[in-house]
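Inspection log for the structure reproduced underneath, given as structure tokens.
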Amino acid sequence: IEIERLGGGEGRPAERPLPRHLALVGNPGSGKTYVARTIAPLLHRIGAVQTPNVMEAGRDELVDRKSEVRTIEKTRRMLERARGGVLFVDEAYTLLPSAARPRGRDHGAAALKEIARSLTQSGGPLVLLA
């Protein structure tokens, strides 16, 4: 954020905004959710996000079991609700394809694609993946 304010270095303006998204990595119970809830107000204070709000979402909040279209709609709604703040995607790995879920009936990849698309849009939420 400070780099953006100062420009791209050598007195030149930054060509495009730096990515502002994070991955929180750690074992269960290591405090990833706590860090997300704690960091949001700090990010707001330094101007990285417009609001200190944290929306928490897991697979159930992002993925529809039967429809890829409804998965995209659910994910877009969650991204919109988090707009200007922080979207904390808990257990993001559950969005990856899995042998435990029937092939062709798992729409987690559609949710991931929608999240990835939002990462480059201005005004969207800051995304924390854990």
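Everything in the sequence shown is counted per this note's numbering, starting at 1128 for the first residue and increasing by one.
Backbone N, C-alpha and C define an ideal beta-carbon position, used for all residues, glycine too.
On a predicted model such as this, the values are computed, not experimentally measured, just so you know.
| Asked | Found |
| --- | --- |
| Please list the terminal residues of the continuous alpha helix (DSSP H) segment that includes Glu1241. | Gly1235 to Ser1245 |
| Can Val1216 and Ile1242 be called in contact, C-beta distance under 8 Å? | yes |
| Give the single residue among Glu1183, Val1176 and Lys1193 whose Cα lies nearest to the Cα of Arg1204. | Glu1183 |
| Assign Leu1223 to buried or exposed, taking buried as 16 or more other Cβ atoms, counted over all protein chains shown, within 10 Å of its Cβ. | exposed |
| Using C-beta distances below 7 Å, list every residue in its chain close to Asp1191, excluding the 5 sequence neighbours before and after it, in chain order. | Arg1197, Thr1198, Lys1201 and His1234 |
| Indicate the three-state DSSP secondary structure (helix, strand or coil) for Leu1253 in the structure shown. | strand |
| Got a sec? Which residues, its chain only, sit under 6 Å from Leu1170 by beta carbon, not counting five neighbours each side? | Val1176 |
| Sorted by chain position, which residues of the same chain lie with C-beta nearer than 8 Å to Glu1188's C-beta, five sequence neighbours on each side aside? | Lys1201 and Met1205 |
| Note the first and the last residue of the continuous alpha helix (DSSP H) segment covering Glu1188. | Arg1186 to Leu1189 |
| Where do the ends of the alpha helix (DSSP H) carrying Val1162 lie? | Lys1159 to Arg1172 |
| Under the three-state reduction of DSSP, which class applies to Leu1149: helix, strand or coil? | strand |
| Check whether the Cβ atoms of Ala1257 and Lys1159 lie closer than 8 Å to each other. | yes |
| May I have a chain-ordered list of the alpha helix (DSSP H) segments no shorter than 4 residues that lie completely inside the region 1195-1227? | 1195-1208 |
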